[in-house]
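Each number in this note's numbering comes from the position in the sequence shown (counting from 1) with 13 added on. For glycine and all other residues, C-beta sits at the position ideal for the given N, C-alpha and C.
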Amino acid sequence: MTMTEKSREFEFIEGLTAELSAKNLIFPTSLNATMKIRRALNNPDISNDAIARIISAEPVLTAQVLRLANSVAYNRGGKRISEVRGATLLLGFSAVRNVAISVGMKQLIEHKDSGKSSQRMEGLWTRSLRVAAQAFVVAKDLTRINPDKALLAGLLHDVGKFYILNRARHYQDLFATDQALWSLVDEWHSSIASAILENWDISDDIRAAVTDFRNPNLPVNVKPNLTDVVATADFLDAHSVANSLHSIDWEHIPVPLQNLHLDRDNTMTMIDETKGELAQILHAIA
14 MTMTEKSREF EFIEGLTAEL SAKNLIFPTS LNATMKIRRA LNNPDISNDA
64 IARIISAEPV LTAQVLRLAN SVAYNRGGKR ISEVRGATLL LGFSAVRNVA
114 ISVGMKQLIE HKDSGKSSQR MEGLWTRSLR VAAQAFVVAK DLTRINPDKA
164 LLAGLLHDVG KFYILNRARH YQDLFATDQA LWSLVDEWHS SIASAILENW
214 DISDDIRAAV TDFRNPNLPV NVKPNLTDVV ATADFLDAHS VANSLHSIDW
264 EHIPVPLQNL HLDRDNTMTM IDETKGELAQ ILHAIA
């Protein structure tokens, strides 16, 4: 890397550091509005009628809540739901909060340029959806962790990367190569994610899962935690996309998979038995 390139990168990092220090994270207005909705939903005393009114004020969120409530994954009876109050009663507050996050993340992606920036964001979004769906299935099948919480953690696991890429599109001349940009993303996304989730009042266990899921020194746990679930979902998704599940060295698998007591046989069984459910969840949240 030349001195000029280092100087450009430092300029961008300096701006990110200032935003973090000032807790002045810059997101599109629509995403901030969606996060305000999510914070309202965190009130344990809020009524279902109040939730319905809040959701109805945001058309995109309304459409997504109704869509999820009528999906096979949540509406086993198949009775059509056409109003928000009934949808929130069926889904529950946790699932509705997840939809708010999903809508907000999608709004962030839609505030982008065309070309490479668009491709990067779309690729990251698609992967976040897959990891979220996989985390839901892993939590439901292998732990007592709330699957909706696992889905949210999976959805947010790369939120720091989204933020950096969203800001980087305003500084495209600062990066000589894609490699320079992705090196910066890899170095800073965890710190950025921690600041974002603190700003959004996300629970500590989700924040830990998002910031630590790639930590190579995670502890052995008798009782698997949310970080184990997200790390496992991320690992399995990467190998599924690369079509390399059958070449995993099961004698040296990451600690999170060990904590979940996964081996070659039960992993393959889980993947085969949950393909349909995974597809339904992915369709419901996409």
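Roughly how many whole angstroms lie between the Cα atoms of residue i and residue j?
| i | j | result |
| --- | --- | --- |
| A163 | V150 | 9 Å |
| L4 | V144 | No information on residue 4 is available, as it lies outside the stretch 14 to 299 that the chain covers here. |
| R180 | E32 | 11 Å |
| V85 | G289 | 11 Å |
| A148 | E264 | 23 Å |
| V172 | V116 | 13 Å |
| A301 | F226 | Beyond the ends of the chain as shown, which are 14 and 299, falls residue 301; an answer cannot be given. |
| T287 | R140 | 18 Å |
| N88 | L291 | 15 Å |
| I209 | S216 | 12 Å |
| I177 | V198 | 7 Å |
Where do the ends of the alpha helix (DSSP H) carrying residue i lie?
| i | result |
| --- | --- |
| H252 | 239-254 |
| W213 | Looking at the DSSP string, W213 is not in any alpha helix (DSSP H), and its letter there is neither H nor E. |
| R277 | 277-286 |
| T224 | 217-225 |
| D161 | 160-169 |
| F175 | 172-181 |
| T101 | 97-104 |
| P269 | 268-272 |
Among the residues of its own chain, which have a CB less than 7 Å from the CB of residue i, if the five just before and after it don't count?
| i | result |
| --- | --- |
| I67 | I50, A53 |
| A113 | T47, I50, R51, L54, L74 |
How would you label residue i, buried or exposed, when you count the other beta carbons within 10 angstroms and need 16 or more for buried?
| i | result |
| --- | --- |
| D247 | buried |
| R220 | buried |
| F23 | exposed |
| A255 | exposed |
| L102 | exposed |
| R110 | buried |
| Q77 | buried |
| K174 | buried |
Kindly list the residues whose CB is nearer than 6 Å to the CB of residue i, restricted to its own chain and excluding five residues on each side of it in sequence; keep chain order.
| i | result |
| --- | --- |
| R93 | none |
* What are the complete alpha helix (DSSP H) segments, minimum 4 residues, inside the region 58-94? -> 61-69, 72-82
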